[in-house]
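In what follows, a structure is listed as structure tokens, so that the remarks can point back to it.
Residue numbers (the UniProt record's numbering): 1 to 252.
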């Protein structure tokens, strides 16, 4: 099956196209639903990470043979697409938060940040080739509604949304790497030992601006780095909105 055919099939699964209905729904395991399979897969990813996820493992979780699971889904790519869409929405849509556009975006972003911390496996599933599901499009529609009346062009609204989403996911990936459980290969070194080694071997007079920051006790994660970066992004969006509102008609 070509990549195009794979994407079309995933699209059908996400949007309940009868042409892609799982054969298992009409077969001997018809008591098992896709929702149950996806929920079991999410439980595995939540507990053990995406690396532990496999068709065999999910089949065991739902109590069927691996071959039976393949009558529902042809592979892990289809399963991952369904998992990602299943957790795409929080209990409150972005435009449903109280306040103006900025208050809504801040509330959504903080809620999304907590969701990322709860579901770190989702960070590894986003990509330009991902097929959007109904929950993902509902989220995007809601985000666009937040910007109604701001004066931004449709392209600017989408760019602002992309920037906010990329910021949350980018910082989420970085924090996930830092916070990996002790004993993993990524944490085979001790950060304190590394920094001590740097102080011993590096002549920081060659890096005067960095030396000033170090002597001032600056650290990348002092305070709340997510809120700090979010405020910078929202300040930039606010500046653009103010410029659009002040511009003569037709100058946007």
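Idealized CB from N, CA, C, for every residue including glycine.
Spanning the alpha carbons of residue 144 and residue 161 requires a straight line of approximately 8 Å. Apart from sequence neighbours up to five positions away, the residues of its chain that approach residue 176 with a beta-carbon distance below 7 Å are 120, 123, ordered along the chain. Looking at 2, 14, 109, 56, the one whose alpha-carbon comes closest to that of residue 232 is 109.
In this structure, residue 32 lies away from residue 45, with their beta-carbon atoms at least 7 Å apart.
An exposed status is given to residue 2, since fewer than 16 other beta-carbon atoms sit within 10 Å of its beta-carbon. Residue 199 carries a helical assignment under DSSP once its states are collapsed to helix, strand and coil.
Short of 6 Å from the beta carbon of residue 11, and not among the five residues preceding or following it, lie these beta carbons of its own chain, in chain order: 131. Rounded to whole angstroms, the gap between the alpha carbons of residue 84 and residue 99 is 29 Å.
Taken atom to atom, the span from the alpha-carbon of residue 201 to that of residue 170 is near 31 Å. The C-beta of residue 147 has 16 or more other C-beta atoms within 10 Å across all chains shown, which makes the residue buried.
A direct Cα-to-Cα measurement between residue 41 and residue 167 gives close to 27 Å. For residue 112, the enclosing alpha helix (DSSP H) begins and ends at 101-118. Closest by C-alpha distance to residue 56, out of 47, 48, 50, 69, is 69.
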